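Counting the sequence shown from 1 gives a position; the numbering used here is that position plus 1216.
The beta-carbon is built from N, C-alpha and C at its ideal position, and this holds for glycine as well.
On a predicted model such as this, the values are computed, not experimentally measured, just so you know.
Everything on this sheet refers to the single structure shown next.
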Amino acid sequence: VVWAADIMAYLVGTWLGGPKLWPKASPNKTWTGFVAGVAAGFGAGAGFAAATGADPLPLAILAGLLAVASVGGDLAMSMFKRRFGVKDTGQIIPG
């Protein structure tokens, strides 16, 4: 879900642009990318439900909320990194 949301947000935000989501925290994130990412999260949840035969509505809602939470966490970590002048927060996966 998070991968689907991140990838779709990046692609659509880069392609279409739009107003910045929170320039102080992450100057490249756009509202357009955010909406596309959340939609991809809903779609990933519904797709998983369809593939497993589960009820799609609860999984789509949960996946959409997870996509929103992932953006919130990403923005919070970006603010942390900017506040303390840190480039990377880990050694294993840079970025």
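Exercise for the section: Since I believe V1218 is in contact with S1286 (beta carbons under 8 Å), could you give me their beta-carbon distance rounded to a whole number of angstroms? Expected result: 5 Å between Cβ atoms; contact.
Practice task
Evaluate T1230 with the Cβ neighbour count: other Cβ atoms within 10 Å of its Cβ, from every protein chain shown; 16 or more gives buried, anything less gives exposed.
Solution key: T1230 comes out exposed.
Practice task
Please say whether A1256 and A1220 have beta carbons closer to each other than 8 Å?
Solution key: A1256 is positioned such that its CB atom lies closer than 8 Å to that of A1220.
Exercise for the section: Apply the 10 Å Cβ neighbour rule to V1302 and answer buried if 16 or more other Cβ atoms are within range, or exposed otherwise. Expected result: V1302 comes out exposed.
Handout entry: Integer-rounded CB distance, given that G1289 should sit under 8 Å from G1261
Key = Not confirmed; about 18 Å, so no contact.
Exercise for the section: Classify A1270 as buried or exposed, calling it buried when 16 or more other Cβ atoms lie within 10 Å of its own Cβ. Expected result: Here A1270 is exposed. Its C-beta has fewer than 16 other C-beta atoms within 10 Å.
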